[in-house]
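Under the working numbering, read the sequence shown as residues 67 to 279, first letter to last.
Glycine is no exception: its CB is placed at the ideal position from the N, C-alpha and C atoms.
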Amino acid sequence: MTVKTDSQTVFVIDDDADVRDSLKWLLESVGLKVQAFENALEFFDQADVNQSGCIVMDVRMPGLSGINAQKKLPEHNIELPVIMISAHGNVDMAVTALTQGALTFIEKPFDDQVLIDHVHNALEKDRVRRFRQGSQIRMREHYESLTRRERQVLELIVKGLSNQEAADELQINRKTVEGHRANMMAKMQVDSFAELVQVAISLGLLPGFNTAG
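Written out as structure tokens, the structure reads:
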């Protein structure tokens with residue numbers, strides 16, 4: 067699955083109208099879709115955050131500051147990457163933003179290309195995250211479609227048991243295990259033992275292994 071760039075949105079949040087317009091023009095000039103908001107509350111109320119994208123947000127704004135708005139993102143189930151910008155940056159502010167999960171902290175005035183590069187990086191991170199989430203959901207759906215016996219065969223096979231050993235473990239004949247294994251592989255949409263092991267690791271069926279990183 068590939069998320070196209072034109073299906074992604076850069077959400078610009080800045081109380082300065084001139085800055086909003088400038089950022090919107092800059093990002094649209096390189097083919098990006100942009101939605102601009104005067105403050106974070108307007109963003110929370112109006113933005114369609116279910117689509118892929120990223121947030122470019124000013125740190126200091128009247129009402130809800132960028133730092134506090136960043137804290138509220140999880141409350142709104144928003145996982146979009148955040149790029150913080152500020153004309154009044156300081157070390158403490160930058161550390162706070164980055165500790166809370168911002169990808170980067172950029173001080174105004176900044177080089178246009180620097181911002182564009184950071185935005186493209188943020189969009190790519192969100193694209194990859196959504197792809198992985200979609201893959202995980204599909205793998206879970208495939209696993210849920212298995213019968214109880216097919217799940218038992220899967221778990222024994224990925225632990226290294228042969229068809230005969232699995233048959234002995236389940237107290238059924240080898241041909242029956244082979245049939246369950248073939249059905250299970252088809253439902254899981256994998257073509258090899260190696261693929262099956264990777265899926266099992268991703269689903270947490272093999273304790274002690276993970277796919278982090």
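DSSP places residue 148 in no alpha helix (DSSP H) but in the uninterrupted beta strand (DSSP E) bounded by 148–152.
The segment 183–202 makes contact with the segment 139–147, as at least three CB pairs between them are under 8 angstroms. Separation of the CB atoms of residue 243 and residue 219 is rounded to 6 angstroms, and the pair is thereby assigned contact status at 8 angstroms. In this model, residue 185 and residue 104 are separated by some 19 angstroms (Cα to Cα).
With fewer than 16 other Cβ atoms inside 10 Å of its own Cβ, residue 165 counts as exposed.
Excluding the 5 residues flanking it on each side, residue 221 has same chain C-beta neighbours closer than 7 angstroms at 271, in chain order. Per DSSP, the continuous alpha helix (DSSP H) segment holding residue 110 begins and ends at 106–112. Between residue 129 and residue 107, the C-beta gap is smaller than 8 angstroms, which places the two residues in contact. When DSSP states are grouped into helix, strand and coil, residue 265 belongs to the helix group. Put simply, the backbone Cα of residue 181 is about 17 angstroms away from that of residue 163. Between residue 230 and residue 214, the beta carbon gap of about 21 angstroms keeps them out of contact (Cβ cut-off 8 angstroms). With fewer than 16 other CB atoms across the displayed protein chains lying within 10 angstroms of its CB, residue 176 is exposed. Between residue 90 and residue 74, the CB-CB gap reaches or exceeds 8 angstroms. Minimum Cα-Cα distance from residue 116 among the listed residues 227, 142, 251 corresponds to 142. By the neighbour-count criterion, in which 16 or more other beta carbons inside 10 Å mark a residue as buried, residue 121 falls on the buried side.
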